[in-house]
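Structure record follows, encoded as structure tokens.
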Amino acid sequence: MKVELLSPAGNMEKLKAAINFGADAIYLSGKDFGLRASADNFTIEEMHEAFSFLHSKGKKGYVTVNIYARNYDFNELGSYLDQLKEVSPDALIVSDPGVFKFIRDRKIDIPIHISTQANITNYMAVKFWQQLGAERIVLARELSREEIRFIAENVKCELEVFVHGAMCISHSGRCVLSNYFNKKDSNRGECTHPCRWKYHLMEETRPGEYLPVFEDERGTYIYNSKDLCLIEHVGELIDMGVKSLKIEGRMKSSMYTAVVTGVYRQAIDTALKGEFKVDEKWIRLLNTVSNRTYTKGFYADEADENSINYKTSSYVRGSDFLGVVTSCEDGRLNFHCKGKINIGDELQILTPDMDEFVFKVDEIYDINVEKVEFTKPNYDYFFNFDIKIPENSIIRRIL
Numbered sequence: 001m002k003v004e005l006l007s008p009a010g011n012m013e014k015l016k017a018a019i020n021f022g023a024d025a026i027y028l029s030g031k032d033f034g035l036r037a038s039a040d041n042f043t044i045e046e047m048h049e050a051f052s053f054l055h056s057k058g059k060k061g062y063v064t065v066n067i068y069a070r071n072y073d074f075n076e077l078g079s080y081l082d083q084l085k086e087v088s089p090d091a092l093i094v095s096d097p098g099v100f101k102f103i104r105d106r107k108i109d110i111p112i113h114i115s116t117q118a119n120i121t122n123y124m125a126v127k128f129w130q131q132l133g134a135e136r137i138v139l140a141r142e143l144s145r146e147e148i149r150f151i152a153e154n155v156k157c158e159l160e161v162f163v164h165g166a167m168c169i170s171h172s173g174r175c176v177l178s179n180y181f182n183k184k185d186s187n188r189g190e191c192t193h194p195c196r197w198k199y200h201l202m203e204e205t206r207p208g209e210y211l212p213v214f215e216d217e218r219g220t221y222i223y224n225s226k227d228l229c230l231i232e233h234v235g236e237l238i239d240m241g242v243k244s245l246k247i248e249g250r251m252k253s254s255m256y257t258a259v260v261t262g263v264y265r266q267a268i269d270t271a272l273k274g275e276f277k278v279d280e281k282w283i284r285l286l287n288t289v290s291n292r293t294y295t296k297g298f299y300a301d302e303a304d305e306n307s308i309n310y311k312t313s314s315y316v317r318g319s320d321f322l323g324v325v326t327s328c329e330d331g332r333l334n335f336h337c338k339g340k341i342n343i344g345d346e347l348q349i350l351t352p353d354m355d356e357f358v359f360k361v362d363e364i365y366d367i368n369v370e371k372v373e374f375t376k377p378n379y380d381y382f383f384n385f386d387i388k389i390p391e392n393s394i395i396r397r398i399l
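Per the numbering used here, the very first residue in the sequence shown carries number 1; after that it's consecutive.
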């Protein structure tokens, strides 16, 4: 069975990183009606560029229109959908039944996928949406492997499952903490992540006296979920008949997108050969990108205290993103700089085939072939390099 690797794209740079490192499809949002308002996202003009690039590579792209709409949203949604028709996305990702009906009533001939925000946790809900015309269902993250298997055995609709990335403490992301604390609606893409904050108790007869909550000597992070990682279960999910394996992270860096996509690409390809076995290299590489440590969550019945990160609400970072290779020929490795590099630094190059090269920086040249002692972000430079390195490879510092 052909299985799809679906990666996030918060902007054009991240989209290209996903495709270069092996994604079959990406999902993105316009400036409105998606659930990641803090991501760069795409203007209509940028979407035209994005889908032209994707379709030229034989890849697919899906546009999120998955807010929970208010009455006034429909005033602008119609014109936005008309613009999307010209972009020709391969599907729209929707969660609100009202938005679904609005799209259908306008006779917009774009396939619809039902978002994980719709909280689909059973096979009858899948059949309900399929009967209405949905072509794919993104299952809720709260499902176990047995529940996913049962659904897959009892429906004919395409199923999509999140396999990697951040998880919301609330049911499939339908949280109102952000609304309460900051008047920012997480169901409209404005989440301020109060689940990552530290909390104290206040006893109502002692206003202003804040009592620290200690689960252990570090305090408490009662809402602070670890990140999902199902790399060990890729083969199992494919065998169940899951059509699409999805990576979370439209707000993560292009290095994050590249590395995680590349790892899951190798895992899927290995599984499709009937030889699935977890490579320790995959685990090591996943630990080099930002994460809150990993859990298998509900999938493997780990959705308990073991799925909460009690140490810190900050990301663990195993590497610094320093550049992208733009070309490599005649012993000259050209790159676009993303972070400061100094003479003497020991760096790693990670190629789209997930080959790793470690080297020490002896000399750095700018585009005028002048030696420099260090680089500055967003400028172009080159190293002298004996090995032929593929374009779009990642340059980084392992921490």
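By construction, the Cβ of each residue, glycine as well, lies at the ideal position given by its N, Cα and C atoms.
Buried or exposed (CB count within 10 angstroms, at least 16 for buried), residue i
i, result
"D105", "exposed"
"P8", "buried"
"H55", "exposed"
"P352", "buried"
"P377", "exposed"
"I367", "exposed"
"R292", "buried"
"V138", "buried"
"K243", "buried"
"Y299", "buried"
"N41", "buried"
"F74", "exposed"
"T116", "buried"
"L77", "buried"
Alpha carbon of residue i to alpha carbon of residue j, nearest angstrom
i, j, result
"I93", "M12", "19 Å"
"V358", "V99", "50 Å"
"D216", "C328", "Residue placement at D216 is poorly supported in this model, since its pLDDT is 49, which falls under 50; the coordinates still yield a value, given next. Going by the C-alpha atoms only, they are around 52 Å apart."
"V65", "R141", "19 Å"
"I341", "N334", "14 Å"
"L230", "A118", "22 Å"
"I114", "L322", "37 Å"
"G219", "Y256", "Note on G219: pLDDT 48, under 50, position unreliable in the model; no value is reported."
"F21", "I389", "14 Å"
"I19", "K252", "16 Å"
"K57", "L28", "17 Å"
"Q83", "P89", "11 Å"
"L347", "I398", "7 Å"
"E232", "V278", "6 Å"
"G262", "D355", "10 Å"
"Y264", "P207", "51 Å"
"Y381", "F374", "10 Å"
"K31", "A134", "24 Å"
"K402", "L286", "Lying before the first or after the last residue shown, residue 402 is absent from the chain, which here runs from 1 to 399."
"D269", "I148", "22 Å"
"L228", "V259", "15 Å"
"S52", "I26", "13 Å"
"Q130", "V161", "17 Å"
Contact with chain C by residue i, beta-carbon distance below 8 Å
i, result
"V65", "In the structure shown, chain C cannot be found, because there is only a single protein chain."
Rounded distance between the beta-carbons of residue j and residue i, thought under 8 Å
i, j, result
"L15", "K246", "With 8 Å as the limit, L15 and K246 do not qualify as a contact, their Cβ atoms being about 15 Å apart."
"R136", "A91", "7 Å"
"A152", "L159", "6 Å"
"M47", "G241", "In fact, because the Cβ distance is near 31 Å, the residues do not count as touching under 8 Å."
"L350", "S393", "6 Å"
"Y123", "V163", "Incorrect: roughly 20 Å between the Cβ atoms, too far for contact."
"Y379", "C337", "5 Å"
"S254", "T288", "Contact flag wrong, Cβ pair sits at about 14 Å."
"E248", "G165", "3 Å"
Opposing strand residues paired with residue i [DSSP bridges]
i, result
"F21", "Answer is none; F21 lacks a bridge partner."
"H48", "H48 pairs with nothing; no bridge assigned."
"F374", "N342"
"F33", "None; F33 has no bridge partner."
"E329", "R332"
"E13", "In the DSSP output, where bridge partners are listed per residue, E13 has none listed."
"G208", "Answer is none; G208 lacks a bridge partner."
"Q348", "V358, R396"
"V324", "H336, I394"
For the region 43-117, which segments carrying the alpha helix (DSSP H) assignment without a break, of at least 4 residues, lie completely within its bounds, in sequence order?
Fully enclosed alpha helix (DSSP H) runs of 4 or longer: 44-56, 74-87, 97-105.
Let me know the alpha helix (DSSP H) ranges lying completely inside the region 249-318, each 4 residues or longer, listed in chain order.
Segments of the alpha helix (DSSP H) lying fully in the region 249-318: 254-272, 280-286.
Continuous beta strand (DSSP E) assignments of at least 3 residues falling wholly in the region 129-171
136-138, 158-165, all fully within the region 129-171.
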